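Engineer: Starting off with a structure, shown below.
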Amino acid sequence: MLDAGTGIRELGLKLDEEGVNKLDLLFSHFHMDHTQGFPFFTPAYHEGTQINIYAAPWAEHSLAEPFHRLMDQPSFPVPFKYMSADIRFHEMNGSSQLGDVLVRSQLLNHPGGCIAFHLQYEGKTLIYLTDHEPYGSAQDQEIRDFTRGADVLIREAQYTNAEYQLKRGWGHSRFDDAVSDRRDRVWSEEACHYTSRPSARRSVSGARVDRAAIPLWVLEARYLSRPGR
Ligand SMILES: [Zn+2]
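Sequence positions in the sequence shown follow the numbering used here and run 664 to 892.
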């Protein structure tokens, strides 16, 4: 599982139905739009379920601290310590082998930090790249190299060019940033570009865009956790 936005609530109910009791949860970072679903993730309340949480080291803080803060009074009635699952934290540094999946991470340009994930399984790769603002620096090329050749790329495409003029420095990409990478064939197969802004829903949600003569899917973030839609 990748991040814990609001879609993780429904996913948790489905995992309960299926009796899944061992889970790996990868966090790109701990901004609220990536964590706020976690208090409503029912598997975390089940004794006998093991949840392994992977995230980048956060300075001198423990990785558990954002979860304690998220569920602290007066924001939420049930403290994190009352979640009965066996929740273990792992610092993501470079690469980790999670079962049959090899996971690598890449630092992105975002206030407070954020990492992208490169998941490799049976010769196929999926890249999950959220919350990144290209700055025209050497890091941009590093990130393009990280995404090169992916079979599926999930990448944010947050702003139009006009919106970006007002949001420069907020740590997010323009739709054109995503399209230009695609045009340069950084990825080989399929790309899902998403926006997490409800205000963009009517204009782009679920739309297929043939800009740059290459099919792209533009989705709301929550759709990504609901593959049946
Ligand atoms: Zn963020």
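We treat Cβ as the ideally placed atom computed from N, Cα and C, and that holds for glycine. For clarity, every value in this text was computed on a predicted model and none was experimentally measured.
In chain order, which alpha helix (DSSP H) runs of at least 4 residues are fully inside the segment 696-758?
Structural biologist: Qualifying alpha helix (DSSP H) stretches, in chain order: 728-733.
Engineer: Identify, in the order they occur along the chain, each residue of the same chain with its Cβ nearer than 8 Å to the Cβ of Phe739, setting aside the five sequence neighbours on each side.
Structural biologist: The residue you call residue 739 lines up with position 76 of the sequence shown. Cβ neighbours of Phe739 beyond the five flanking positions: Pro702, Leu733.
Engineer: Which runs of the alpha helix (DSSP H) spanning at least 4 residues fall entirely within the segment 778-841, listed in chain order?
Structural biologist: Complete alpha helix (DSSP H) runs here, min 4: 801-810, 824-830.
Engineer: Assign Arg731 to one of two classes, buried (16 or more other C-beta atoms within 10 Å of its C-beta) or exposed (fewer than that).
Structural biologist: Here residue 731 corresponds to residue number 68 of the sequence shown, with the count starting at 1. Note on residue identity: the sequence assigns His, not Arg, to residue 731. With fewer than 16 Cβ atoms within 10 Å of its Cβ, His731 is classed as exposed.
Engineer: Between Ile778 and Met755, how many whole angstroms is the CB-CB distance? I'm expecting something under 8 Å.
Structural biologist: Here residue 778 refers to the residue found at position 115 of the sequence shown. Here residue 755 refers to the residue found at position 92 of the sequence shown. The Cβ separation is near 7 Å, so the contact holds.
Engineer: Starting from the C-beta of Ile716, find all residues in its chain whose C-beta is less than 6 Å away, skip the five residues before and the five after it, and write them out in chain order.
Structural biologist: Indexing the sequence shown from 1 puts residue 716 at position 53. Taken in chain order, the residues that qualify are Leu688, Phe752.
Engineer: So which residues touch the region around ligand 1, with touch meaning a C-beta under 5 Å from any heavy atom?
Structural biologist: The filter returns His694, Asp794, in chain order.
Engineer: Under the assumption that Asn772 contacts Glu796 (Cβ atoms under 8 Å), give the Cβ distance between them as a whole number of angstroms.
Structural biologist: The residue given as residue 772 occupies position 109 in the sequence shown. The residue given as residue 796 occupies position 133 in the sequence shown. About 5 Å separates the two Cβ atoms, so the contact holds.
Engineer: Inspect the beta-carbon positions of Ile671 and Ile714 and report whether they are closer than 8 Å.
Structural biologist: In the sequence shown, residue 671 corresponds to position 8, counting from 1. In the sequence shown, residue 714 corresponds to position 51, counting from 1. Contact: no.
Engineer: List the endpoints of the continuous beta strand (DSSP E) containing Asp687.
Structural biologist: For this step, residue 687 is matched to residue 24 along the sequence shown. From DSSP, the beta strand (DSSP E) with Asp687 extends over 685-689.
Engineer: To the nearest angstrom, how far is it from the Cα of Met746 to the Cα of Ser800?
Structural biologist: For this step, residue 746 is matched to residue 83 along the sequence shown. For this step, residue 800 is matched to residue 137 along the sequence shown. In a straight line, the C-alpha of Met746 is about 42 Å away from that of Ser800.
Engineer: Thinking just about the alpha-carbon of each residue, which of Val683, Pro742, Ser759, Thr705 is nearest to the one in Ala667?
Structural biologist: Numbered from 1 along the sequence shown, position 4 holds the residue referred to as residue 667. Here the closest residue by C-alpha is Thr705.
Engineer: Starting from Leu770, follow its DSSP beta bridges and name the residues at the other end.
Structural biologist: Position 107 of the sequence shown, counting from 1, holds the residue named residue 770. Answer is Ile778, bridged to Leu770.
Engineer: What are the start and end residues of the alpha helix (DSSP H) that includes Asp763?
Structural biologist: Translated into the one-based positions of the sequence shown, residue 763 becomes position 100. Element bounds for Asp763: n/a, residue is neither H nor E.
Engineer: Output needed for Thr698: all residues of its chain with C-beta closer than 6 Å, excluding positions within five of it in sequence on either side, in chain order.
Structural biologist: Position 35 of the sequence shown, counting from 1, holds the residue named residue 698. If we look at Thr698 and ignore the five residues flanking it on each side, its Cβ neighbours are Ala667, Leu733.
Engineer: Can the beta-carbon of Ser725 be found less than 8 Å from the beta-carbon of Asp794?
Structural biologist: Locating residue 725 in the sequence shown gives position 62, counting from the first residue. Locating residue 794 in the sequence shown gives position 131, counting from the first residue. No. Outside cutoff.
Engineer: Go ahead and label Pro774 buried or exposed: buried means 16 or more other beta carbons lie within 10 angstroms of its beta carbon, across all protein chains shown.
Structural biologist: As a working note, residue 774 is residue 111 in the sequence shown. Exposed, since its Cβ has fewer than 16 Cβ neighbours within 10 Å.
Engineer: What does the alpha-carbon distance come out to for the pair Gly700 and Met664?
Structural biologist: Within the sequence shown, residue 700 is the residue found at index 37, counting from 1. Within the sequence shown, residue 664 is the residue found at index 1, counting from 1. Those two C-alpha atoms are separated by around 12 Å.
Engineer: In chain order, what residues of the same chain have a beta carbon less than 6 Å from the beta carbon of Gly682, not counting five sequence neighbours either side?
Structural biologist: Counting from one through the sequence shown, the residue named residue 682 turns up at place 19. Here the set comprises nothing.
Engineer: Near Leu792, what residues of its chain come up, given a Cβ to Cβ distance below 6 Å and the 5 sequence neighbours on each side ignored?
Structural biologist: Locating residue 792 in the sequence shown gives position 129, counting from the first residue. Excluding positions up to five away in sequence, the list reads Ala779, Arg818.
Engineer: Here's the rule I'm using: 16 or more other beta-carbon atoms within 10 Å means buried, otherwise exposed. How should Gly776 be labelled?
Structural biologist: Counting from 1 along the sequence shown, the entry for residue 776 is found at position 113. It counts as buried.
Engineer: Looking at Ala719: is its Cβ nearer than 8 Å to the Cβ of Ser758?
Structural biologist: Within the sequence shown, residue 719 is the residue found at index 56, counting from 1. Within the sequence shown, residue 758 is the residue found at index 95, counting from 1. No, these two residues do not count as a Cβ contact at 8 Å.
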